[in-house]
Every structure is written in structure tokens, then in C-alpha cells.
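Here's the structure, in C-alpha cells; my notes come after.
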Amino acid sequence: MKGYVGKRINRVDALDKVLGKPLYATDLHMEGMLYLKVLHAPHPHALIKKIDVSKARELPGVVKVITAADVPWLKTYGLIFKDQEVLVKEKTRYLGDRLAVVAAEDEKSARQALRLIEVEYEPLEVISDPLRAMEPDAPKIHESGQVQFEHPYNKGNVLAIDHLVKGDVEAGFAEADYIFENEFRTQHVDHVAMELEAGMAVYDPDTDCYTLWAPCQWLHDIQTDVARTLGIRMEQLKIIQPSAIGGAFGRREDISVHIILPLMAKLTGRPVKWAMTREESMIIMTKRTPFIFRLKTGVKKDGTITAWQSEVIGDSGAYASTAGSIVHQAMYVSTGPYDVPNVKGISYTVYTNNTYTGAMRGFGATEAAFAYERQMDCIARDMGWDPAEFRLKNAFRIGSCTANGQILTTSVGTVDTILTAREHFGSKGVASAPHKKRGMGMATIMFGCGYGEGFPDHSIAGAKVTDEGRILITSAAADVGQGVKTIMVQIAANVLNIPPECIDLAQSDTATTKNAGSTSATRQTIFSGNAVKIAAENLLGKIFHRANVELGRAYPELSVVDGDIILHGTTRQMSLGELAKIAREKGEPLEAEGCYFPRTDIDYSTGQGDVVYVTYTFNTQFIEVEVDTETGEVDVLRIVAAPDVGLAINPASVEGQSEGGAAMGLGMALMEEQVFKEGVTVNPDLATYLIPTSLDVPDVKTIIVESGDACGPFGAKGIGEPAMIPTAPAILNAIEDAVGIRLYDMPATPEKVLAAIKAKDREVKHE
């Protein structure tokens, strides 16, 4: 394809970042600014008897101290269910609950004031285990439970129950020659974005309006929820994204600093800033949802899967956030990219007193893939199949029907990604020492792009010609490091046939950009990419119309001379800037808008729909590991990834996502776990919560598969989340291949691996 799509151009924000020009939230400062600190719950589950802030208010440097009693008008908030209080008055449900807020002239005074606040409370039984939370006699975490269906469990703790029914699962099991049943578990994981939660806000009493600077993944949804909670109109609250965001991975979908800041700006009458510490962030902010998967699979002697049954339990933590959607999505995709005629699933989303869980890269599909790809490997090995051949036997192809009943009609890359990754991987090498064993593992996955399931999902973008003759793209799509700014510029450049250097991007701002939806669900390339493409096409039509009037040529050639875009008519030429000025003066500015709003559907009683997602991304990884049988240490030696992205708008960005995703998946597989005991995290810092370093991550070889997608811009699909999803199961499959141990949970720490090796050796001796 000619033009700028498919090219390895540098990211449009790369040079500024290298030079240190962008301002992150913690860089923001205003004259007369106050510093905020928050007092959090002293116990994960307790009745609050008394909060005494009198001593804190008397401390020099303290300007304002508030509790729930001072702001009774505030409404509850939450991404889906409005079950969170801004400030807790009667009962704490996890350690992150806010009891008081201090505004002071400096951070030291604010911290000192927190220590002077006295709280009397009555501890209640702490529920850390979702299975305990489901028992009828378990204490209710929320007195008025919110559920979707009647069920025998504690209605105060079971947030949602969802179902999936396709075919006749009992008939499918009757048809099978073998039945395989396993239980798999996944862990709490922290996002560990480089940038911590922070922001700044001001209040203008003359206009009764607020301005908030804070990073978020969904500008307009945050604006809606914050305005509703404060009891103001959306127009009174302007949210501006800082010029750069230091990672998100799902956590910035949730409200963190976004309500407290504008509230305190009004109550103090001064600019306010709140920046969390790493420990504070790790204790109070959302985690990856931990799961229990109970899988039952029926298989014929020839390897055909006839039935699949899934029971899925997800720990929502203290509040709902998006956990209900995460858990039912995990259940929906728990059969993987495989053609299974008979499926039955049920999922439970359960409140506990752990830190509440929410969106994190994969949104349930990551955890589900760990379960179904471990299940597929267990079945293949027990039946004597090559793991790749067993997957190919059952893999989706054009015309296959998903567990949700959607017929796949285009861009189905399961087979191609398996074959491509296998070919480039080759065979495993020779161990480096006698006590070390090599293993090869694979995993293949699918991921639905966009919100899907009938949830309204659209993106709006704008394109205009400035008087300087440059193109300005307006979009609220948050670039959290994944490179969507560059993708939008390449798409616009391709449509307009001008260099990317002639295109600017407006800063995301609720007052000047329209809703682009969230940077999540691997949707921005498709949704905002299409919106920008449509806007650019509409703008080009206006340019051609005005050029026909002014130059007498309906379709003028565009060229760039000394940085100016020039339109060439039949007898004369004109700069695009001149044309824009003429058009504006005549009341027809060269401005256009594009909106992409596809429809999806689902019947939640059965989980069935005709178009559950607009499209699916597929990815396969082959991984080689070496296991030290004396220490249990696992070294990941090679990762070969073959993602099907439809078409790579920027191959370098695809490779970057593939490498970063693999690193994150490696951390989840081998070392990362936020450990909770009685609702208290025991490792709330980066000294005790381990993440991979450059020494842990091998080279990642990415071979891009391009199947061409009918709905994406120029055939492109997203890759952000699918990049990490296969890594963890592939690593654990490789460990089993190396030393013959079968692990059913993560992380595969050296202690856990060594214990399993010793247990296996004891079993062999007893035989």
C-alpha cells in the first residue's frame, strides 16, 4: 500500500519525550497551590465510631481538613455500579477507603496532620477469600447487594452471576471418549505504571467552573462520573490530559484523584495538588482480578473437542469497578480460539475486603487464556498429541462459531499465527548444565476488540485546516504510551496524501475534543483510527470543493514546498492556508468530523449474539525456558510471537507492543503477585513486589501476521492487550515440557517450582 500506512515512522512524540519536554501530572504547579493528603482506613473491615480531626485542624500550615460529615451532598460513584463513597462515614470495606482529606501549605504539614487525626473503630470479620464470601453465613460487605440473578449465595457479597449456553453440553460430554477436569487459579497483580496517580485542580468562583489536570484513559466518562458525584453539570468541569501519561494498563479507567481534587479546590478557594506515593498507590488502587477456573472438557479419540464447561469465580475486592464485566468476559472466552459445539458456563463476581479489582491489560481474557491454554496442553500431553497439532485440530477458521454464537467471517488468524510462530521458533536447544532442563511451550489466544456485548461504543474525531495551512486532528483518545497519536497521524496523512510532519494533534481536553471512548479493550486503532480516517476523508472533500471554486480544479494536486502544503490549479496555485482563510471568511471553514459507531449485541441470559465483538485479534507465542532443577529458577530464553493485527499501520509500534506485552506476561508468570492476608497487602512496595528487569526478559522475535480486517482502518486491528495474553500460559507449558511438573496457578516462583520437582521425584521413587 502506498502512502504512510504500513511505514515505520518515528513516534510523533518521541523527540519531545527524549528531550524531557512533556509535563506529567506531578510536574504541574501553580502559585498559591495547596498540597493534599488523604487518611485511609485503619482496618479493612470495620465500623467507624468516631473521627476526631480537631488537632489536625489546629496544626500550623493546615488550611482545611474534611470528613464525610462536611460534605453530605456528595453522591456515590463507580464505573458501572455506584457503590463507592468519596469519604467513608460509617463502615470501611478495604484499606483504601478514605476517611479524611487534609489541604496544607506543604506536604510535610499535610502528612503531620494525618497523624493527628484520631479514629475509633470496631473491627469486623475480614473476608479475603471469595469462596468464604459466597457462603450464606459470611458477613455482608455491602448491606444492599446488587445482583443480576437470584442465587443461593450471600446477596451482599455476590455482585453478579452470568451464564453462557451454546448447544447441549451434556450431549457433548456423552459423545466424548475422554473427560478432563482441572482447576486453575490466577493472582492479584499490580499495574506498576511508571507514573503514579496525581493531578491538580482549580475552581473559578466567578463562573462556578472547575478545571482538572489529571491523566485518565477515558476523559469524558471520568468527566461524567465526577460531575455527577459533585452534583454539578458536566459543562462546569473541564478535564485536561497532561501532555504525557506514564503508562496505564487499565488502572486509569478508575477514578483516583479526580473527585477529591476539584472538591478541595472549591472548599479551599485555591489550586490544589495531590500526588500519591508508590506504597499508597499499591495499597489503595485497583488490581488485576484474581480468578478460580474450574474447567471440564470432553474430547474424542481423534482429538475433536465435543464439549466444554466452565465455572469461573472472580474476586472483585471491596467495590465493583469493572470486575463484573471482567469476570463474565473471562467466562465467555474460557474455551479459547477453538471450535467447540457445546458449551456451558457460569461466572460469579464476588465482593471481598481485598483491594478492589478492575481493568488490567486483557480484561479477563489474560486470566482465561492461562486456564484454557494450560487445559489444552494438559489434554494434548495426556492424549499423546503434539500441543500445536492438537490446537490446529480444533482451531477457529473462517466460518467457525465462537462460544458466544458469533460466526467468524473475516480475519481469523488462529491457524496462520500458530504455523508462523512454529516455523520461526524451530526446536529447543541443549541445556547449559546437567542439572538444567530445556522446555518449549506455546499458547494461542483470541481477543475481542472494543467493548462489545451491545455496550455503546463509538469514537468521534475532528480534522481541520489551520490558517497556517497545517492539518489539526482533534481526538480525546488517550495516548498512554502505546502510540495512538502516531497511528492517527499516519492514517490522516495517508488519506490526505501529505507527510505526517504537516499534521498536528490537539491536546486532549473535554472542552475542545469529543468523546473517543476509553483507551482500553484494544479499541483505539479500530475506533479512533476509523474516526480519524472518516474525518480526514470528509475534510478532503471540503478541500476539493473549495479548490474547485477558487482554482477551477475539482481535484487539485497537493504538494509540500518549504513546509507549506500547496494546491495546484489549472492556471495558478494557492497554499492550503490561503484556501482555509478564504473558506473561513466565506463561512465555510475547512473543518470536518468523523464518527465510528458499530453495533454489537448479546443476550445476557445465554451469552449468545450475532455480533458480540466487531472483530478479534489473534496471537500465538512459542517460548523456550531453562529450569534449574536444584533451585527451581526458570530462565526464559526465547520468545517468538506471531500476532495477527489485520494490517500493521506502524510495524515498529506493533513490535514494541509485542515486546512490552511479553515482558508483562513474563512477570505475571514467574514473579508478580500482590499478596493479601486478612485484607492487608504484605508487599506494598517495589522492594517486595517484584517485576521483570531487562535481565529477565529475552529478545522477543515478532513476526507480524496480516490477515486484513474488514472493519479496521485500512484493514488494521489492535494489539495492545493480545500482546501479553499468551506469554504466561506458554511459559508454564514450557516448564512442564522441561521438567514434567504440572502447575495450576501463578506465579511459578523458584520455591513453587522446586517443591513441585521434589514432589514429582518422590512420586517416581514410590512407583
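Sequential numbering of the sequence shown, starting at 659, is according to this note's numbering. Ideal Cβ positions, reconstructed from N, Cα and C, are used throughout, including at glycine.
First through last residue of the alpha helix (DSSP H) which encompasses residue i
i, result
"His1082", "Thr1072 to Phe1083"
"Thr887", "Leu877 to Leu888"
"Ile1192", "Gln1182 to Leu1209"
"Cys1036", "Ala1023 to Met1041"
"Glu1409", "Pro1408 to His1424"
"Met940", "Arg936 to Ile942"
"Phe1048", "Pro1045 to Asn1052"
"Lys924", "Ile918 to Thr926"
"Met1326", "Pro1309 to Leu1328"
Residue i - DSSP class collapsed to helix/strand/coil
i, result
"Val721", "strand"
"Ala1136", "coil"
"Glu833", "helix"
"His986", "helix"
"Asp1167", "strand"
"Ile1399", "coil"
"Thr1015", "strand"
"Thr684", "helix"
"Asn1277", "strand"
"Leu745", "coil"
"Glu911", "helix"
"Pro810", "Model confidence at Pro810 stands at a pLDDT of 48, short of 50, so the residue's coordinates are unreliable; what they give is reported in the following sentence. Here Pro810 sits in coil by DSSP."
"Leu677", "coil"
"Gln804", "For Gln804, the pLDDT reaches just 44, beneath the cut-off of 50, and the residue's location in the model is therefore unreliable, although a value from the coordinates is still provided. Residue state, collapsed to three classes: coil."
"Glu1284", "strand"
"Asp795", "coil"
"Lys1375", "coil"
"Ser1263", "coil"
"Cys1369", "coil"
"Arg751", "coil"
"Val1142", "helix"
"Gln1231", "strand"
Residue i burial status per 10 Å Cβ neighbour count (16 or more: buried)
i, result
"Leu1237", "buried"
"Ala1017", "buried"
"Asp883", "buried"
"Gln881", "buried"
"Phe807", "At Phe807 the pLDDT is 38, less than 50, meaning the model places this residue with poor confidence and gives no usable figure here."
"Glu689", "exposed"
"Leu1305", "buried"
"Lys1191", "buried"
"Ala1368", "exposed"
"Val1422", "exposed"
"Thr1171", "buried"
"Pro781", "exposed"
"Pro638", "Because the chain is modelled from 659 through 1425, residue 638 falls outside the range shown and cannot be assessed."
"Pro1092", "exposed"
Where the beta strand (DSSP E) through residue i begins and ends
i, result
"Pro781", "Glu776 to Pro781"
"Thr1102", "Lys1094 to Cys1107"
"Lys824", "Val816 to Lys824"
"Ile1297", "Val1292 to Asp1302"
Proximity test, residue i beta-carbon vs the ligand HEM heavy atom, cut-off 7 Å
i, result
"His698", "Absent from the structure shown: the ligand HEM. Ligands present: none."
For residue j and residue i, believed in contact at Cβ under 8 Å, the rounded distance
i, j, result
"His1226", "Pro1214", "5 Å"
"Gly972", "Ala978", "That belief does not hold up - the Cβ atoms of Gly972 and Ala978 are roughly 11 Å apart, past 8 Å."
"Ala1023", "Ile1383", "6 Å"
"Ser1176", "Asp879", "7 Å"
"Val850", "Ile1240", "Going by Cβ atoms, the distance from Val850 to Ile1240 rounds to 53 Å, so no, they are not a contact pair."
"Ala1406", "Ile1415", "Wrong, their Cβ atoms sit about 11 Å apart, outside the cutoff."
"Tyr1254", "Phe1185", "5 Å"
"Asp1302", "Lys1094", "34 Å between Cβ atoms; not a contact."
"Lys1375", "Thr1183", "7 Å"
Chain E contact for residue i (CB, 8 Å cutoff)
i, result
"Pro730", "Looking for chain E here will not work: only one protein chain is present."
Cutoff 8 Å; reference residue i; Cβ partners in own chain excluding five residues on either side
i, result
"Asn1196", "Ala1121, Ala1250, Glu1251 and Gly1252"
"Ser786", "Thr1010, Asn1011, Asn1012, Phe1334, Lys1335, Glu1336 and Gly1337"
"Lys708", "Glu776, Val777 and Glu778"
"Ile1004", "Ile819, Asp820, His821, Leu822, Ser968, Glu969, Val970 and Met989"
"Ile1361", "Thr1078, Ala1079, His1082, Val1298, Ala1299 and Ala1300"
Sequence-distant residues of its chain with Cβ nearer than 6 Å to residue i (five each side left out)
i, result
"Met659", "In this prediction, Met659 scores a pLDDT of 47, lower than 50, which makes its location untrustworthy; the coordinate-derived value is nonetheless stated afterwards. Cβ within range, chain order: n/a, list empty."
"Ser901", "Pro680 and Leu681"
"Thr1264", "Val823"
"Asp1222", "Gly1127 and Ser1233"
Sequence-distant residues of the same chain with beta carbon closer than 7 Å to residue i, five excluded per side
i, result
"Ala1386", "Phe1028, Gly1323, Met1326, Ala1327 and Met1404"
"Leu717", "Ser767, Gln770, Ala771 and Leu774"
"Gly814", "Lys798, Ile799, His800, Glu801 and Gly803"
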